[in-house]
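Have a look at the structure below, then the notes.
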Amino acid sequence: MSEEIILELKNIDKSFPGVRVLKRVNFTLRKGTVHAIVGENGAGKSTLMKILSGMYQPDSGEIWLEKKQMHIANESQGIAAGISMIYQELNSVLDMTVMENIFLGRELTRMGLTSKAEMRKRTRAVLAGLDMDIDPDTVMRRLPVATRQMIEIAKAISRDAKIIVMDEPTASISQKEVGELFKTVRKMKEQGISIIYISHRLEELPEIADEITIIRDGECVHHCMAGHIEKNEIIRFMVGRELNDLFPKTSVTIGEELLRVEGLRKVGVFHDVSFSVRRGEILGFSGLIGAGRSEVMRAICGLDRYDSGAIYLCGRQLHIKSPSASIKAGIAMIPEDRRRYGLVTIRSIRENMMHAHMGAFTNRIGLIDNPAEKAAINAQIQRLKIKTSDVELPASTMSGGNQQKVVIAKWMIRPPQVLIMDEPTKGIDVGAKYEIYKLMCELAAEGIAIIMISSELPEILGMSDRILVMGDGEIKGELSREKATQEKIMVLSAGGCPS
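Heads up: the sequence shown begins at 4 in my numbering, then just goes up one per residue.
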């Protein structure tokens with residue numbers, strides 16, 4: 004491993020109104036290495052990286068790049084200094100081409116006109132360097148998420164990036180695509196590019212990281228070489244306590260059938276989908292990305308139309324044509340993409356938690372019952388351990404894990420009969436996952452039926468009472484909790500028959 008230090012962050016402090024986010028943080032990055040940063044949501048990881056990129060300014064501390072002290076006043080200066088960030092929510096312009104995305108904001112010109120031929124040539128060169136055979140004129144919207152992520156990497160390399168920050172790069176891609184990403188990261192290391200790798204998937208770290216820094220409550224609490232620490236020890240440093248059972252599944256008496264779906268079909272998307280879920284049951288939906296799991300749930304909740312089939316709740320057939328009709332009937336959904344579908348990030352935390360329930364907190368003359376509303380919000384903040392100094396702050400100011408808790412809290416104020424949770428722990432840390440798992444068990448004990456879609460097989464196996472496996476838009480098989488294994492799920496996902 005290289006001993007050449009390319010970056011030093013010294014005694015970085017940062018506070019927002021009422022909250023000290025970073026406390027004299029020190030961090031060192033070596034040339035041509037992958038340095039992983041881990042910590043709970045709200046620990047300060049993203050804030051530290053936004054300071055490095057120029058999005059935020061530190062209250063105090065120093066940034067040293069290649070042994071020179073830097074003042075990075077904005078993101079443009081960060082890019083000019085050789086620092087690029089690839090965010091979990093990708094910044095691609097979906098209706099522009101690959102080439103246009105790579106050169107967005109720095110288009111090449113010749114005699115005052117945009118030189119598409121030269122940009123196309125350079126795009127092909129940078130893609131070839133990453134072993135990517137993609138037409139530069141392909142519209143981004145046509146590409147899968149994993150490929151869009153690789154385009155963001157290509158964009159960073161085309162800017163001559165010396166340091167690339169990757170924020171949860173594997174949160175939305177399949178295991179096969181993770182392997183391809185890791186090949187690309189290793190190739191970047193060979194080219195001398197340094198990677199800061201933020202991830203909540205602790206099992207990835209031994210494979211890809213050279214060093215690990217653990218942040219808790221705004222402070223660096225541990226640093227080590229990646230091969231010198233076990234997963235359970237990382238968790239202990241992250242959360243400040245032992246999590247002896249990552250999946251706190253409790254035994255619940257499963258009651259009568261609540262939701263039944265018969266022969267649901269949408270041409271070209273899913274077909275002949277039939278299943279039921281009972282009171283107090285956690286029904287896991289597994290399958291590869293693109294199997295049709297989310298699309299089925301969107302149809303059940305009125306987000307998308309379906310062509311044929313029937314949906315029953317408590318034995319009564321429903322004709323759901325909108326999300327509001329679904330909510331009124333007693334079915335709610337926590338979507339996979341919380342920022343796009345679960346939150347209005349420019350609105351306050353309070354508004355995001357309450358906007359589905361305004362009628363329930365309005366008095367006879369149409370005014371909001373503020374004390375009752377405040378009590379309901381505070382109860383959920385305490386129950387879910389949501390970190391916020393003020394519920395009037397925009398939801399955009401929260402970490403990803405706390406945003407997810409707000410989306411969940413919205414449905415805990417007036418719980419539905421059936422709660423659909425699509426990738427409920429995507430992109431959040433192990434401590435927050437544990438809190439969400441405990442909440443799922445509590446809800447099941449209260450008689451709520453939970454449908455959980457997850458791409459994480461340990462989560463599916465650890466939390467489900469029963470597992471349905473989807474592939475190619477249909478249910479390939481069902482497994483009981485007692486008989487389910489990762490191997491059986493993967494065989495069913497691929498269309499096989501497990502022994």
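For every residue, glycine included, the Cβ atom is placed at its ideal position computed from N, Cα and C.
Proximity to residue i [Cα-Cα], best of the options
i	options	result
G318	L370, S161 and E260	E260
M361	T348, Y344, I389 and S327	S327
R145	V96, G465 and L422	V96
E284	S202, V299, S254 and P338	S254
H351	S392, G293, A398 and P172	A small correction: the amino acid at residue 351 is Ser; His does not occupy that position in the sequence shown. For S351, the nearest C-alpha among the options comes from A398.
T50	V224, L133 and D220	D220
P20	E7, F30 and D62	D62
V181	K34, Y200 and E207	E207
I238	A452, G499, K436 and R27	K436
A294	I368, F364 and G498	G498
I416	I478, K388 and Q383	Q383
E222	A120, P374, V242 and Q178	V242
E376	T365, R386, E236 and G290	T365
R263	V280, D248 and F273	V280
P461	L446, A76, E210 and T488	T488
Q178	E6, K486, E438 and S458	S458
G480	G290, F273, Q194 and E11	G290
I431	L133, D340, M300 and F185	D340
I199	L55, E445, N373 and L442	L55
Anticipated Cβ contact below 8 Å, residue i with residue j, distance rounded
i	j	result
Q72	I66	7 Å
I218	A229	At roughly 16 Å, the Cβ-Cβ gap does not stay under 8 Å, so I218 and A229 are not in contact.
F288	Y440	Actually they are not in contact, since the Cβ atoms of F288 and Y440 sit about 17 Å apart, beyond 8 Å.
L32	I9	6 Å
E233	H203	At roughly 17 Å, the Cβ-Cβ gap does not stay under 8 Å, so E233 and H203 are not in contact.
G47	V24	5 Å
V276	E477	7 Å
K190	L116	Not confirmed; about 34 Å, so no contact.
Three-way DSSP call (helix, strand, coil) for residue i in this model
i	result
R343	helix
C500	coil
Q152	helix
L25	strand
S392	coil
G64	strand
M114	coil
E298	helix
E481	strand
F30	strand
Y315	strand
P397	strand
Y90	coil
S289	strand
L464	helix
R109	coil
G434	helix
G47	coil
Q420	coil
R282	coil
M228	strand
F19	strand
G474	strand
V272	coil
N77	coil
Q489	helix
C-beta contact flag for residue i and residue j at 8 Å
i	j	result
L111	S118	yes
V37	V188	yes
F278	L471	yes
I292	P427	no
R282	I257	yes
M455	M466	yes
N29	K13	yes
V142	T100	yes
G35	K192	yes
V22	S392	yes
A359	K413	yes
V394	R342	no
R125	S161	yes
L184	R469	no
Proximity test, Cβ basis, 8 Å: residue i and chain C
i	result
F250	The structure shown has no chain C; it contains just one protein chain.
Item to complete: Would you check if there are 3 or more beta carbon pairs closer than 8 Å linking the segment 302 to 320 to the segment 480 to 500?
Response: Verdict: no, contact absent.
Discussion item. Using a Cβ distance threshold of 8 Å, determine whether the segment 29 to 49 contacts the segment 391 to 407, with at least three qualifying pairs required.
Written reply: The segment 29 to 49 vs the segment 391 to 407: in contact.
Worksheet item: So does the segment 85 to 92 actually touch the segment 162 to 173, counting three or more Cβ pairs closer than 8 Å?
Response: By the Cβ criterion, the segment 85 to 92 is in contact with the segment 162 to 173, since at least three pairs of Cβ atoms, one from each stretch, lie closer than 8 Å.
Worksheet item: With a cut-off of 8 Å, do at least 3 Cβ pairs link the segment 154 to 163 to the segment 132 to 143?
Response: Per the Cβ contact rule, the segment 154 to 163 is in contact with the segment 132 to 143 (3 or more Cβ pairs under 8 Å).
Worksheet item: Is the segment 259 to 275 touching the segment 301 to 315, taking contact as three or more C-beta pairs under 8 Å?
Response: The count of Cβ pairs closer than 8 Å, one atom from the segment 259 to 275 and one from the segment 301 to 315, reaches three, so the stretches are in contact.
Discussion item. Any contact between the segment 330 to 348 and the segment 411 to 422? By contact I mean 3 or more CB pairs, one from each, below 8 Å.
Written reply: Under the 8 Å Cβ criterion, the segment 330 to 348 counts as touching the segment 411 to 422, having at least three qualifying pairs.
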